[in-house]
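Quick note, the sequence shown lines up with residues 1170 to 1408 if you use my numbering. Heads up: the structure comes next, in structure tokens.
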Amino acid sequence: MTTPADAAQSLAQTSKDQIPLTTAEAAVLATSSVSDGANPTNDAPRGQPAAAASGASELARTKITLLGALKHFPDFPIPGIKFIDILPLFQDPAIHETLLRALELQVLEFGEQAKPDVVVGLDARGFLFGPSLALRLNASFVPVRKKGKMPGPCVTAAYEKEYGTDFFQMQEGAVKPGQKVLVVDDIIATGGSAAAAGSLVKQLGGELMGYLFILEIPVLNGRSKLGGVQTVTLLETNE
Ligand SMILES: O=P(O)(O)OC[C@H]1O[C@H](OP(=O)(O)OP(=O)(O)O)[C@H](O)[C@@H]1O
Ligand SMILES: Nc1ncnc2[nH]cnc12
């Protein structure tokens, strides 16, 4: 019988020919593909119907592919930061498609009544997949941009992130009062960027129904800044 440790070792080995996957990363994925208890937020419930079970196992397989495609750059953009580059996910059309399907499945697991009216993507890497995901969900796409990039009246929020301070803006009227909003971004690190985006959605009267990220750095505890709003991440890294 394959244990999570065996699977982690084997995943780490398989990935050596591709892009480095640490044993720790492989362990996260192996556990979620071997048992269903590793990441309860992302797992389908026990006693699930066959379709839900197959969706969950499809999701577990896609996570392995995606985690293996990430690249790691120590000391970028400043010394001490372990930068995780998600751009390779978009270089191969098959992986790009896999990513979008996985994100769509993740949103569908929220439940039918939790489908968003609006997907809000964060400048700049949330723009890489936010519009495509919005189209798949038949939702609007609205950007959050760094200050001074958009015309007309805007709402503004200051925030701190892993390597600096910045200001985010949304255009007034881009989200209508009462619309259900899903905020998406590539990475949640300290959570500062996402929390600022959430505060802008609320300033415009939107109903902030959840956050969705490709990757979480749990050691930075970014979720603690998100006020208990439903937060789902596709992948995790322990680095
Ligand atoms: O959780 P946090 O600590 O706030 O960090 C996460 C944010 O940092 C990165 O963006 P960055 O501000 O570097 O901008 P970019 O997307 O324009 O590169 C990343 O794309 C997230 O938006
Ligand atoms: N460590 C990190 N890697 C990539 N993007 C980030 N944004 C904030 N922290 C990051």
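Every residue, glycine too, gets a C-beta built ideally from N, C-alpha and C.
Does the distance between the C-beta of residue i and the nearest non-hydrogen atom of ligand 1 fall short of 7 Å?
{"i": "residue 1356", "result": "yes"}
{"i": "residue 1317", "result": "no"}
{"i": "residue 1362", "result": "yes"}
{"i": "residue 1256", "result": "no"}
{"i": "residue 1299", "result": "no"}
{"i": "residue 1327", "result": "no"}
{"i": "residue 1230", "result": "no"}
{"i": "residue 1359", "result": "yes"}
Looking at C-alpha atoms only, which residue of the options is the closest neighbour of residue i?
{"i": "residue 1325", "options": "1368, 1278 and 1286", "result": "1368"}
{"i": "residue 1283", "options": "1404, 1349, 1405 and 1384", "result": "1349"}
{"i": "residue 1239", "options": "1249, 1247 and 1254", "result": "1254"}
{"i": "residue 1353", "options": "1273, 1280 and 1330", "result": "1273"}
{"i": "residue 1311", "options": "1351, 1277, 1355 and 1372", "result": "1351"}
{"i": "residue 1379", "options": "1399, 1258 and 1247", "result": "1399"}
{"i": "residue 1289", "options": "1309, 1280 and 1394", "result": "1309"}
{"i": "residue 1235", "options": "1345, 1257, 1219 and 1372", "result": "1257"}
{"i": "residue 1247", "options": "1388, 1332, 1372 and 1387", "result": "1332"}
Run the CB neighbour count on residue i, radius 10 Å, all protein chains shown included, and call it buried at 16 or more, exposed below.
{"i": "residue 1245", "result": "exposed"}
{"i": "residue 1382", "result": "buried"}
{"i": "residue 1392", "result": "buried"}
{"i": "residue 1363", "result": "buried"}
{"i": "residue 1406", "result": "buried"}
{"i": "residue 1232", "result": "buried"}
{"i": "residue 1334", "result": "exposed"}
{"i": "residue 1225", "result": "buried"}
{"i": "residue 1285", "result": "buried"}
{"i": "residue 1341", "result": "exposed"}
{"i": "residue 1321", "result": "exposed"}
{"i": "residue 1304", "result": "exposed"}
{"i": "residue 1142", "result": "Coverage of the chain is limited to positions 1170 through 1408, which leaves residue 1142 absent and any answer about it impossible."}
{"i": "residue 1370", "result": "buried"}
{"i": "residue 1281", "result": "exposed"}
{"i": "residue 1375", "result": "buried"}
{"i": "residue 1317", "result": "exposed"}
Return the chain-ordered list of same chain residues with a C-beta closer than 7 Å to the C-beta of residue i, the five sequence neighbours on each side being excluded.
{"i": "residue 1251", "result": "1241, 1243 and 1408"}
{"i": "residue 1262", "result": "none"}
{"i": "residue 1259", "result": "1265 and 1297"}
{"i": "residue 1319", "result": "1338 and 1340"}
{"i": "residue 1323", "result": "1338, 1339, 1340 and 1341"}
Return the chain-ordered list of same chain residues with a C-beta closer than 8 Å to the C-beta of residue i, the five sequence neighbours on each side being excluded.
{"i": "residue 1114", "result": "Because the chain here runs from 1170 to 1408, residue 1114 falls outside it and cannot be looked at."}
{"i": "residue 1330", "result": "1358, 1359, 1361 and 1362"}
{"i": "residue 1301", "result": "1269"}
Please list, in chain order, all residues of the same chain as residue i whose beta carbon is under 6 Å from its beta carbon, the five residues on each side excluded.
{"i": "residue 1355", "result": "1255, 1294 and 1383"}
{"i": "residue 1365", "result": "1326, 1328 and 1337"}
{"i": "residue 1267", "result": "1231 and 1234"}
Examine ligand 2 and report whether any of its heavy atoms sits within less than 7 Å of the Cβ of residue i.
{"i": "residue 1337", "result": "no"}
{"i": "residue 1330", "result": "yes"}
{"i": "residue 1251", "result": "yes"}
{"i": "residue 1386", "result": "yes"}
Report yes or no: is there a C-beta of chain C within less than 8 Å of the C-beta of residue i?
{"i": "residue 1358", "result": "As a matter of chain content, chain C is missing from the structure shown, which is built from one protein chain."}
Fully enclosed by the segment 1237–1323, which alpha helix (DSSP H) runs are 4 residues long or longer? 1262–1277 and 1299–1305
What are the complete beta strand (DSSP E) segments, minimum 3 residues, inside the segment 1333–1395? 1333–1340, 1349–1357 and 1376–1385
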